[in-house]
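2 protein chains.
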Amino acid sequence: MSRAPAPHGRTGRPPLTSRAQILVAARRLIDQDGWEKLTIRRLAAEIGIGTTTLYHHIRNKDDLLLLLLNHHIEQIERPQLPGDPRERIVTAATAMHDALTAWPWAAEVLSADGFVGLLDESAMWMVEAIVAGAGDHGCTHEQSVDVFRNIWYYTVGEVLVRAHSARRRDEGRPFAYRDDLDPSHVPHLAAIGVRWAALAARDIYPEGLRTFVDGLLAQADGGERTEVGCG
Amino acid sequence: MSRAPAPHGRTGRPPLTSRAQILVAARRLIDQDGWEKLTIRRLAAEIGIGTTTLYHHIRNKDDLLLLLLNHHIEQIERPQLPGDPRERIVTAATAMHDALTAWPWAAEVLSADGFVGLLDESAMWMVEAIVAGAGDHGCTHEQSVDVFRNIWYYTVGEVLVRAHSARRRDEGRPFAYRDDLDPSHVPHLAAIGVRWAALAARDIYPEGLRTFVDGLLAQADGGERTEVGCG
DNA sequence: TTGACTTTTCGAACACGTTCCGAAAGTAGC
DNA sequence: GCTACTTTCGGAACGTGTTCGAAAAGTCAA
């Protein structure tokens with residue numbers, strides 16, 4: 001392929017493959033067949049190289065997905081961030097949520113403080129917006145980190161739960177209806193009964209997020225001495 | 001092994017393996033080497049049967065883990081549930097959280113409304129306690145389900161994030177410290193700097209849970225017309 | 001030109017979860 | 001006793017992510 005004779009002082013066998021080439025091919029495969037069909041072997045075959053050659057350009061599959069996710073997030077248009085700290089937090093968290101929802105596998109790769117630890121700076125504006133919003137509201141650094149982490153837990157949980165239930169729905173049984181609940185043991189659940197499925201299908205992330213953010217910032221309007229809140 | 005001659009009208013080849021036997025062996029393996037080492041092949045070898053024989057007694061590995069989790073939850077002592085609805089919710093959610101934290105893989109198996117859909121009745125008291133607490137506080141059925149789901153999202157997110165970061169810590173690099181943040185782009189994050197790691201290591205679930213529950217039930221003390229709250 | 005060194009490439013192999021299909025071992029009806 | 005039928009058992013095989021080790025292909029110093 002690339003027959004560049006001597007890339008200037010570069011020793012060793014000249015590479016035929018580049019990381020950029022791999023990422024382009026991976027995106028093409030994902031666009032064609034969906035990310036579930038993206039395997040290391042298929043990717044290597046698509047490029048026309050040996051399977052194990054890939055591992056000289058990426059650490060492992062998770063690393064590959066992380067690189068793709070970084071690129072995906074880079075291309076998200078940054079929303080206009082409102083001036084009000086609370087609204088800024090909600091806007092940034094929603095952007096984070098949307099980015100993960102579009103690429104559901106992303107949430108499985110990103111761990112913990114993975115958002116801060118694994119993604120590169122092009123994704124940090126979301127974290128910054130949340131931490132800055134908390135700070136502008138009067139939170140200490142410690143409290144601001146807590147605000148972000150709580151929002152992150154809630155967000156990643158919602159995305160994963162939603163992705164898993166969608167996958168299970170695609171694979172067959174749509175839901176376990178639990179119409180066998182014993183009213184004497186779980187009266188409230190039995191009273192809800194099969195309506196649970198319909199109720200649980202509703203999207204409650206936006207409202208839940210607002211409620212959580214309000215709660216996290218709530219003590220600002222009242223007691224200054226609480227532990228988790230700030231303000 | 002079991003040479004019961006004729007189990008009464010039972011046709012077909014008599015089974016040498018029982019599901020109970022499989023579960024006992026699986027628990028033994030997990031206790032010995034940890035759940036990461038539990039593989040289908042090792043489990044079959046431990047019992048002394050062919051690998052594929054297992055699939056006549058369990059649907060797949062996820063199903064096996066689900067059976068183990070059900071048994072694990074059954075053996076949890078049910079805490080004394082407080083009379084106050086809010087405290088009842090916190091107590092039940094904490095029990096849910098502790099059960100998942102002890103068996104981190106559980107959260108990866110349980111999806112969505114999987115707690116309600118996949119576990120059997122012995123685990124439903126936690127859901128019931130939360131839904132009942134919301135109901136006693138004045139929530140409608142719809143609102144009560146929302147309360148549970150929001151708590152579930154937050155809880156499963158926290159458990160997964162914590163489990164993943166713990167695994168990554170065990171595998172080598174403890175954390176990506178991000179001391180390379182550009183203060184002009186992300187001033188608040190840069191100001192926190194490497195202190196992020198220490199701040200993010202703190203356990204904030206109890207406080208976050210209380211804050212969230214308070215928020216979800218907050219509107220009880222105020223406006224009756226909001227959408228997400230109840231009371 | 002030759003030999004040392006460095007980097008890339010890739011076939012072979014491993015353990016994993018899972019599926020296919022044939023063999024084994026029992027009961028039921030004749 | 002013989003033929004169905006039914007259920008359990010398990011070897012072979014597939015596709016997966018990943019590792020090992022050797023071969024290939026270049027640069028650099030002598």
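Taken in order, these protein sequences are the chains called A and B. Numbering of the first sequence is given in the UniProt record's numbering, commencing with residue 1 and proceeding in unit increments. Numbering of the second sequence is given in the UniProt record's numbering, commencing with residue 1 and proceeding in unit increments. Just so it is clear, CB atoms sit at the ideal spot from N, CA and C, and this is done for glycine as well. The structure displayed is predicted, hence computed values, not measured ones.
Where does residue i land, buried or exposed, given buried means 16+ other C-beta within 10 angstroms?
i        : result
Glu128/A : buried
Glu158/B : buried
Ser18/A  : exposed
Ser184/A : exposed
Arg59/B  : exposed
Asp98/B  : exposed
Thr11/A  : exposed
Val194/A : exposed
Ala25/B  : buried
Arg41/A  : exposed
Ala106/A : buried
Ala112/B : Summary for Ala112/B: the model assigns pLDDT 49, below 50, so the residue's position carries little reliability; its value from the coordinates is reported in the next sentence. Looking at its Cβ environment, which holds 16 or more other Cβ atoms inside 10 Å, Ala112/B is buried.
Asp33/A  : exposed
Ala200/B : buried
Gly208/A : buried
Asp214/B : buried
Gly117/A : buried
Ala166/A : exposed
Met1/A   : Caution applies to Met1/A, whose pLDDT of 41 falls short of 50 and renders its modelled position unreliable; the value that the coordinates give is listed next. Exposed, by the Cβ-count rule.
Ala4/A   : Residue placement at Ala4/A is poorly supported in this model, since its pLDDT is 43, which falls under 50; the coordinates are not used for a value here.
Ala20/B  : exposed
Leu16/A  : exposed
Arg169/B : exposed
Arg13/A  : exposed
Go through its chain and collect everything with a Cβ distance to residue i's Cβ below 8 Å, but skip five positions before and after it.
i             : result
residue 250/B : In this structure chain B extends from 1 to 231, so residue 250/B is not present and cannot be described.
Asn150/B      : Phe212, Leu216
Asn70/B       : Leu119, Asp120, Ser122, Ala123
Glu81/B       : A small correction: the amino acid at residue 81/B is Leu; Glu does not occupy that position in the sequence shown. So the qualifying residues of the chain are Arg88, Thr91, Ala92, Ala129.
Leu100/A      : Ala106, Ala107, Leu110, Thr155, Val156, Val159
Leu181/A      : Leu189, Ala190, Gly193
Ala102/B      : His72
Taking residue i as the query, report the chain B residues whose CB atoms sit under 8 Å from its CB, ordered along the chain.
i        : result
Val194/A : Those within 8 Å of Val194/A in chain B number zero; the least Cβ separation is about 11 Å.
Gly12/A  : Residues of chain B passing the Cβ test: none, with the nearest at roughly 26 Å.
What residues from chain A crowd round residue i, counting only those whose CB sits closer than 8 Å?
i        : result
His185/B : Glu121, Met124, Trp125, Glu128
Ile204/B : Asp146, Arg149, Asn150, Val228
Beta-carbon within less than 6 Å of residue i's beta-carbon, same chain only, minus the 5 sequence neighbours each way: which residues are those?
i        : result
Asp123/B : It should be pointed out that residue 123/B corresponds to Ala in this sequence rather than to Asp. Within the same chain, Ala123/B has close Cβ partners Ile73.
Ala132/A : none
Ala163/A : Pro104
Ile22/B  : His57
Does at least one heavy atom of the ligand FAD sit under 7 Å from the Cβ of residue i?
i        : result
Leu160/B : In the structure on display, the ligand FAD does not appear, and there are no ligands present to speak of.
Name, please, each residue of chain A whose Cβ falls closer than 9 Å to the Cβ of residue i.
i        : result
Ile49/B  : Those within 9 Å of Ile49/B in chain A number zero; the least Cβ separation is about 27 Å.
Ala218/B : Thr211, Asp214, Gly215, Ala218
Leaving aside the five residues before and after residue i along the sequence, list all residues of the same chain whose C-beta is less than 7 Å from its C-beta, in chain order.
i        : result
Gly135/B : Ser144
Trp125/A : Arg78
Ile84/B  : The sequence shown places Asp at residue 84/B, rather than the Ile named in the question. So the list is empty, once near-sequence residues are dropped.
Met96/B  : Met126, Thr155
Lys61/A  : Ile40
Leu66/A  : Val109, Leu118
Trp152/B : Phe115
Leu38/A  : Ala26, Leu29, Ile30
Gly44/A  : Here the sequence assigns Ala to residue 44/A, which means Gly is not the residue at that position. So the qualifying residues of the chain are Gly50, Thr51, Thr53, Leu54.
Pro187/A : none
Leu64/A  : Ala26, Ile58
Identify the contact partners of residue i in chain B, using a Cβ-Cβ distance below 7 Å as the criterion.
i        : result
Asp182/A : Glu121
Leu189/A : Met124, Val127, Glu128, Val131
Which chain B residues are close to residue i, counting only those with a beta carbon under 9 Å from its beta carbon?
i       : result
Gly34/A : None at all; the shortest Cβ gap to chain B is about 19 Å.
| Where the segment 124-157 of chain A meets chain B: residues whose CB sits under 8 Å from a CB there | Flagged, chain order: Met124, Trp125, Val127, Glu128, Val131, Ala132, Gly135, His141, Glu142, Ser144, Val145, Asp146, Arg149, Asn150, Trp152, Tyr153, Tyr154, Thr155, Val156, Gly157.
Give a yes or no on contact between the segment 79-88 of chain A and the segment 49-60 of chain A, applying the rule of three or more CB pairs nearer than 8 Å.
No, because fewer than three Cβ pairs between the segment 79-88 of chain A and the segment 49-60 of chain A fall closer than 8 Å, the two stretches do not touch.
Residues from the segment 72-100 of chain A in contact with chain B, defined by Cβ distance under 7 Å:
Per Cβ criterion, the list is empty.
- [ ] Taking 8 Å as the threshold, find out whether the segment 134-147 of chain A comes into contact with the segment 200-208 of chain A through three or more Cβ pairs.
- [x] By the criterion of at least three beta-carbon pairs nearer than 8 Å, the segment 134-147 of chain A is not in contact with the segment 200-208 of chain A.
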